[in-house]
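The structure appears right after this line, and notes come after that.
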Amino acid sequence: MNPTFRKKLLWLHTWSGLTVGLLVVFLALTGAGFVLRPHLEDLVYGNLHLVPKCEAPQPLDKLAAIAKAAHPQGKLHSIEFTAENTSSVAVMFTDKDYVFIDPCQGKVLGVQNQYGGFFGLMDWLHRFRFFTDLKLGRTVAGWANTAFLVLLIGGGIALWWPRNRQALKTALKFNARLPGSARTLSLHKVVGVYTALVLVLITVTALPIGFEPVKELLYSATGYVPPKKPLSKAAPEGTAPQSMEAFWQKTRAAAPEWDWVSLRYPPKSDASYEAEILEKDRPHELAKGHYYMDAFSGETLKQDGYLTDQQIGRKIYLYCIVLHAGMVWGLPYQLLLLACALGVGVQAYSGFSPYLRRTFRKSVKPRLELKLVKKTVEADGICSFEFADLKGEALPMFSAGAHVDVYLPSGLVRQYSLCNDPSETHRYQICVLRHAASRGGSQAMHELLLEGDTVSLGLPKNHFPLESGAKHSVLIAGGIGITPLLSMAHQLSSKGADFTLHYCARSRQRSPFLDAIANSKFSDRVVFHFSDDPNSKKFDVSKDLRQFSPESHLYVCGPVRFMEATLAGAHQQGWPEGNLHREYFSGVQSDSTSNVAFDIKLASSGRIVHVSKESTVMAALAACGVEIASSCSEGVCGTCLTRVLGGEVDHRDRFLTAQERAAQDRFTPCCSRARGSMLVLDI
Ligand code: FES
Numbered sequence: 025m026n027p028t029f030r031k032k033l034l035w036l037h038t039w040s041g042l043t044v045g046l047l048v049v050f051l052a053l054t055g056a057g058f059v060l061r062p063h064l065e066d067l068v069y070g071n072l073h074l075v076p077k078c079e080a081p082q083p084l085d086k087l088a089a090i091a092k093a094a095h096p097q098g099k100l101h102s103i104e105f106t107a108e109n110t111s112s113v114a115v116m117f118t119d120k121d122y123v124f125i126d127p128c129q130g131k132v133l134g135v136q137n138q139y140g141g142f143f144g145l146m147d148w149l150h151r152f153r154f155f156t157d158l159k160l161g162r163t164v165a166g167w168a169n170t171a172f173l174v175l176l177i178g179g180g181i182a183l184w185w186p187r188n189r190q191a192l193k194t195a196l197k198f199n200a201r202l203p204g205s206a207r208t209l210s211l212h213k214v215v216g217v218y219t220a221l222v223l224v225l226i227t228v229t230a231l232p233i234g235f236e237p238v239k240e241l242l243y244s245a246t247g248y249v250p251p252k253k254p255l256s257k258a259a260p261e262g263t264a265p266q267s268m269e270a271f272w273q274k275t276r277a278a279a280p281e282w283d284w285v286s287l288r289y290p291p292k293s294d295a296s297y298e299a300e301i302l303e304k305d306r307p308h309e310l311a312k313g314h315y316y317m318d319a320f321s322g323e324t325l326k327q328d329g330y331l332t333d334q335q336i337g338r339k340i341y342l343y344c345i346v347l348h349a350g351m352v353w354g355l356p357y358q359l360l361l362l363a364c365a366l367g368v369g370v371q372a373y374s375g376f377s378p379y380l381r382r383t384f385r386k387s388v389k390p391r392l393e394l395k396l397v398k399k400t401v402e403a404d405g406i407c408s409f410e411f412a413d414l415k416g417e418a419l420p421m422f423s424a425g426a427h428v429d430v431y432l433p434s435g436l437v438r439q440y441s442l443c444n445d446p447s448e449t450h451r452y453q454i455c456v457l458r459h460a461a462s463r464g465g466s467q468a469m470h471e472l473l474l475e476g477d478t479v480s481l482g483l484p485k486n487h488f489p490l491e492s493g494a495k496h497s498v499l500i501a502g503g504i505g506i507t508p509l510l511s512m513a514h515q516l517s518s519k520g521a522d523f524t525l526h527y528c529a530r531s532r533q534r535s536p537f538l539d540a541i542a543n544s545k546f547s548d549r550v551v552f553h554f555s556d557d558p559n560s561k562k563f564d565v566s567k568d569l570r571q572f573s574p575e576s577h578l579y580v581c582g583p584v585r586f587m588e589a590t591l592a593g594a595h596q597q598g599w600p601e602g603n604l605h606r607e608y609f610s611g612v613q614s615d616s617t618s619n620v621a622f623d624i625k626l627a628s629s630g631r632i633v634h635v636s637k638e639s640t641v642m643a644a645l646a647a648c649g650v651e652i653a654s655s656c657s658e659g660v661c662g663t664c665l666t667r668v669l670g671g672e673v674d675h676r677d678r679f680l681t682a683q684e685r686a687a688q689d690r691f692t693p694c695c696s697r698a699r700g701s702m703l704v705l706d707i
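As structure tokens, this is what we get:
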């Protein structure tokens, strides 16, 4: 898609979402509130709707008189009942109050308005009945629907449309490992695409319901003219109208196969009795037949059945209503509507929240000032660091696999995995190996930080989370790679989950946390593999990773060669990529001599930024005043992940999976480059 056009679509999508989004969520949630009404109403309001078996009901006129006595201020409108002999009879008044009566005992069970009770209230809200002008209420709902259609098709689906087949695969799957807003947007797109078809159906079918002109257009296009109701013939003065019971007996004779009936009193002196009948073989719940009787002579004036007499225009209109409201295809379709309507709530949250985060980002405190309360030598060249709040207050929660940015006194920022139990809120613990070839980070941690120091830490972020649905987890640590996996072991153990932790290291002397593991609740789940110990079992990928099941997930962290050998072995044993999770400590050392210069185009402004052979995309953008959030700066953490709209990426990170790289729709500007002369970025 042309980037300028895409930008306009994005603008349309964002602003239609921000302006009519709340109205759309209101419609969706109130609709969800009563879509299961036919199944739940008898459960919730059984005291009004259900009666002991009744084989010989009292005459309808007697029941109507009882109802009138219970609701003296009302004017009789109609009487409704079903063929079930355990259902009450509902006498409706013109103020839309129903009086429910036991048809055998003539006992009043209660009074409820058409829009009373939970389901009635949802219906009332959904139809905008709180507008005194009902037509206006329908029109407002109609416009909200139309805006949603624009939001959905005009923006959402077009923006979502993947660039290639690989991108299609990733676009259909929620990616929990993406950082921050990217993860929320992944949820937004995935929920959107799976609910789109049904939401389009609900929205399109609402058009003739909300807009009278659309309905009229439908009727005139199909040549449908609403029939006039027959009138009663004038009767000599003083002639009493026929009884409701007599009308019912004639209706019954005319339509013997019925499930539900509504018998309407003549609204005016010259009107006829009118019956609406749901017959047994109806295609949906609005497929009603009609029967009219002269109010005085009792003569049949007209009878039409839905299947035989209704014209196509009317049938289409009725199908719009039943498809919109779930009055067809029973419970499966109603559950589908419910899920999609609730999906609109998820869409609203996942669409609003990245926008709000972006807008109010500056007001969020990005760093924590903490005290280094304990520094412990855990093994040769390895120290652990425990940080606590300066006032002893609880720290923000984190989940297993999370890391924090540590802002060192030297000005460097380094990322370290949290290794303590995520249920602890009094401390953050990290563990750092002093690298021989340190670029200053681990050296500064070991040499400059002292107990009692105040240190700035970023809020915990997690790009290496546990899969919530895993039945069994295999954690594989190589040396200092134990840090995130130790936190995972704590979390899995407290949940009582099934897991094994393989702890591989050269020697005990170089292995941190051996005592802590020996004293932990999960010590029996840990298998140690020490290279210098002939009695120690060697870690053997072909044996230790043999037992794969689709619900098993593998997590590996450690030196690059160790991780790559483990992952390659897991692939050989049949583990699919989706079940393998990894966290690298360092990026790829790429050879920059082969770098070529290229250009970046910013889709939002069309601006071109040149990236020289020596520079990174991130640095070139920063030099032009375009800041991208970053953390590791070497393609490990995923913080800088940016959407690509055009051009081919030369991926040089360790964050994206092979499948995600092939999709060519995101890249890490801190280290990755272009294969061609230009990349178009969604910024
Ligand atoms: S900043 Fe970490 S991947 Fe780019």
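For what it's worth, our numbering labels the leading residue of the sequence shown as 25, then goes sequentially. We put the CB at the ideal spot given by N, CA and C, even for glycine.
Close beta carbons around residue i, own chain, < 7 Å, minus the five adjacent residues each side
i      : result
Thr54  : Met146, Leu149, His150
Ala529 : Gly503, Ser535, Phe554
Ala653 : Thr663, Cys664
Leu255 : Asp294, Ala295, Ser296
Gly464 : Ser434, Leu436
Cα-Cα separation between residue i and residue j, rounded to whole angstroms
i      : j      : result
Ser210 : Tyr69  : 41 Å
Pro133 : Phe117 : Contrary to the premise, residue 133 reads as Leu rather than Pro in this sequence. Whole-angstrom Cα-Cα distance: 16 Å.
Ala592 : Phe609 : 18 Å
Ala107 : Phe124 : 16 Å
Leu538 : Arg532 : 8 Å
Leu33  : Pro484 : 34 Å
Ser321 : Gly262 : 13 Å
Thr692 : His675 : 8 Å
His496 : Asn137 : 54 Å
Met351 : Cys443 : 54 Å
Thr617 : Val673 : 18 Å
Ala426 : Pro489 : 7 Å
Thr400 : Ile406 : 9 Å
Leu744 : Ile500 : No statement about residue 744 is possible, as the shown extent of the chain runs from 25 to 707 and does not include it.
Arg697 : Glu607 : 22 Å
Range covered by the beta strand (DSSP E) that runs through residue i
i      : result
Asp539 : That residue, Asp539, is in no beta strand (DSSP E); its alpha helix (DSSP H) goes 538-542.
His553 : 550-554
His634 : 632-635
Gly410 : Reading off the sequence shown, one finds Glu at residue 410, where the question assumed Gly. Run containing Glu410: 406-413, per the beta strand (DSSP E) assignment.
His314 : 312-317
Gly670 : 666-670
His577 : 576-581
Thr663 : No beta strand (DSSP E) holds Thr663; DSSP gives it neither H nor E.
Start and end residues, alpha helix (DSSP H) containing residue i
i      : result
Gln683 : 682-687
Ala643 : 641-647
His348 : 336-349
Met587 : 584-596
Gly70  : 70-73
Thr170 : 158-173
Trp272 : 268-278
Phe622 : Careful: Phe622 lies outside any alpha helix (DSSP H), inside the beta strand (DSSP E) at 622-626.
Leu703 : Note, Leu703: premise wrong, no alpha helix (DSSP H); beta strand (DSSP E) at 702-705.
Tyr248 : Here Tyr248 belongs to no alpha helix (DSSP H), and DSSP marks it neither H nor E.
Glu471 : 465-472
Gln515 : 506-519
Residues bridged to residue i (per DSSP)
i      : result
Ala494 : In DSSP, Ala494 forms no bridge with anything.
Asp119 : The partner list for Asp119 (beta bridge, DSSP) is empty, contrary to what the question assumes.
Asn137 : Asp121
Glu303 : Trp282
Leu241 : According to DSSP, Leu241 bridges with nothing at all.
Gln453 : Glu410
Neighbourhood of residue i by C-beta, 8 Å cutoff - its chain only, sequence neighbours within 5 removed
i      : result
Lys395 : Phe411, Ala412, Asp413, Leu414, Gly476, Asp477, Thr478, Val479
Leu347 : Leu225, Ile226, Thr229
Cut-off 6 Å between Cβ atoms - residues of its own chain near residue i, not counting five sequence neighbours on either side
i      : result
Leu392 : Leu481
**Message:** Does the contact criterion of 3 or more C-beta pairs under 8 Å hold for the segment 40-51 versus the segment 335-345?
**Reply:** no
**Item:** the segment 502-520 touching the segment 438-453, judged by at least three CB pairs closer than 8 Å
**Value:** Taking one beta carbon from each stretch, the segment 502-520 and the segment 438-453 have 3 or more pairs nearer than 8 Å; the two touch.
**Asked** Taking contact to mean at least 3 C-beta pairs separated by less than 8 Å, is the segment 272-291 in contact with the segment 299-317?
**Response** Contact between the segment 272-291 and the segment 299-317 is present: 3 or more CB-CB pairs across the two stretches fall below 8 Å.
**Message:** I want to know whether the segment 54-67 touches the segment 360-378 - three or more CB-CB distances under 8 Å.
**Reply:** yes
**Request:** May I ask you to verify whether the segment 192-199 touches the segment 211-219, counting CB pairs closer than 8 Å and requiring at least 3?
**Result:** yes
**Message:** Contact between the segment 74-93 and the segment 157-173 is defined here as three or more beta-carbon pairs at a separation below 8 Å; is this criterion met?
**Reply:** no
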